[in-house]
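As structure tokens, the structure follows; a few thoughts come after it.
Protein chains: 2
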Amino acid sequence: MASPRTGRPGRRPGPTETRERILACARRLFAEKGYDGASLRGIAREAEVDPALVHHFFGGKQGVFVAAMEFPIDPAVIVSRVAEVGSRDELGVALARTFLDVWEDPASRTPLLAVLRSAMTNERVATMMRQFVQATLLTPATETFRIPPIRIEAAIGQLIGVAMLRYVLGVEPIASATREELVELLAPTLQRHFDEV
Amino acid sequence: MASPRTGRPGRRPGPTETRERILACARRLFAEKGYDGASLRGIAREAEVDPALVHHFFGGKQGVFVAAMEFPIDPAVIVSRVAEVGSRDELGVALARTFLDVWEDPASRTPLLAVLRSAMTNERVATMMRQFVQATLLTPATETFRIPPIRIEAAIGQLIGVAMLRYVLGVEPIASATREELVELLAPTLQRHFDEV
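Protein chains in written order, with full-length UniProt numbering: chain V, 1 to 197; chain G, 1 to 197.
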């Protein structure tokens, strides 16, 4: 692992310490400037490290955000996992399964719910999340699948709404339905949003 | 308007004062016992008034809850408005229009968002809301339209998720779409949930 070059005299902080300082600065900058307004260079300057080190630790701005927000999954992973399906007819099933994989696992559900709650009650978090989802999920998905953005959003809306009823409110019978029942219920709806009209 | 009979000596409180006292007691009881556990009789006893007076003011437990939570619309109104459509083929359009009518009006959107935010961050509010929605929206809708509850929930999930993306996160282009574009986008999806498979 590269050791941090802070350009400051005195004790050299260890990699973990430096990583944490970068994340703390990133959280502050993202909250102040939004996802679009904060840059990897700006975060590095704030943390008094070389931008190359931030890149080395996190791969890029998206990776810094995912780590800073303790986001359980990188949207790029979701897009590429859904893109693995061979035919366009199976996009609905692939998206339903990928979404449920993430939500059914408490280790990823808990931080996702935390982010969703913050976005609902804090305007700054809502702005950050909007810009992040736009840049890392909607734009790549639109380009990869050539589906109009509003239709991708309608599909994501279907999934988020069901997640709220199932995991937050616990409304029956959707709260106790099996994963496969949910895939059967939702996949054709998602597919309809993706099919040409 | 009937004057309240509190059965207590001293100054007779006016109707507004009594109404507010009933609502304060109702809020406390609903939070403590949930929607199902609180009764109109229990609320009346807590507020030291005759149950007939609570009935006179609010029509019933559902009405007390709607007023106590400052709910902008009684779910019974939504069910009966959607039920007004002549044919089952038009349920999707009717539900999309009715839902958007409520959300597009800031006077009802603001309190709805407040309830949604509380339900997402407070387990007791989530329980109250779950029981309330179950008793006043899901059960009547299932009986009126003879649609399996899980399908009604999938449709409500579609609408709630889109409301979050449009009104809370402000994700484009769904945030700036016209009401009619949204009806066109969502009505066929809702209808698909309602059609027999």
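Cβ atoms here follow ideal geometry from the backbone N, Cα and C, with glycine treated the same way.
{"query": "Residues near V:Asp105 in its chain [Cβ-Cβ closer than 7 Å; skip 5 each side]", "result": "none"}
{"query": "Beta-carbon proximity list for V:Ala83, same chain, < 7 Å, skipping 5 on both sides", "result": "Thr144"}
{"query": "Nearest candidate by alpha-carbon position, reference V:Pro173, set G:Gly157, G:Ala175, G:Arg117, G:Met164", "result": "G:Gly157"}
{"query": "G:Arg192: contacting residues in chain V (beta-carbon distance under 9 Å)", "result": "Pro188, Thr189, Arg192"}
{"query": "Entirely enclosed alpha helix (DSSP H) segments - the stretch 63-106 of chain G, minimum 4 residues", "result": "75-83, 91-104"}
{"query": "Chain G contact for V:Gly42 (CB, 8 Å cutoff)", "result": "no"}
{"query": "is_contact[V:Leu112, chain G] using C-beta, thresh 8 Å", "result": "no"}
{"query": "Neighbourhood of V:Glu17 by C-beta distance below 6 Å, restricted to the same chain and skipping five residues each side", "result": "none"}
{"query": "Own chain residues within Cβ distance below 8 Å of G:Arg5, not counting five before or after", "result": "The predicted model places G:Arg5 with a pLDDT of 48, which falls under 50 and marks its position as unreliable; any figure quoted below should be read in that light. Closer than 8 Å at Cβ, skipping near neighbours: Val49, Asp50, Leu53."}
{"query": "Inter-stretch contact at 8 Å, needing at least 3 Cβ pairs: the stretch 154-170 of chain V / the stretch 86-103 of chain V", "result": "yes"}
{"query": "Chain V residues whose Cβ lies nearer than 8 Å to that of G:Ile150", "result": "Pro173, Ile174, Ala177, Glu181, Leu185"}
{"query": "Residues of the stretch 105-135 of chain V whose Cβ lies closer than 9 Å to any Cβ of chain G, in chain order", "result": "Leu113, Leu116, Arg117, Ala119, Met120, Thr121, Ala126, Thr127, Met129, Arg130, Val133, Gln134"}
{"query": "Sequence-distant residues of the same chain with beta carbon closer than 7 Å to G:Leu165, five excluded per side", "result": "Val171, Ile174"}
{"query": "C-beta neighbour in chain V for G:Gly37, strict 8 Å", "result": "no"}
{"query": "Residue of V:Glu46, V:Ala38, V:Gly14, V:Pro13 minimising C-alpha distance to V:Thr127", "result": "V:Ala38"}
{"query": "Proximity to G:Arg28 [Cα-Cα], best of G:Arg12, G:Glu90, G:Arg45", "result": "G:Arg45"}
{"query": "Nearest residue (CA-CA) to G:Ile22, options G:Phe132, G:Ile152, G:Phe58", "result": "G:Phe58"}
{"query": "V:Leu138 vs V:Pro149 beta-carbon contact at 8 Å", "result": "yes"}
{"query": "Contact the stretch 181-191 of chain V vs the stretch 89-97 of chain V: 3+ CB pairs below 8 Å", "result": "yes"}
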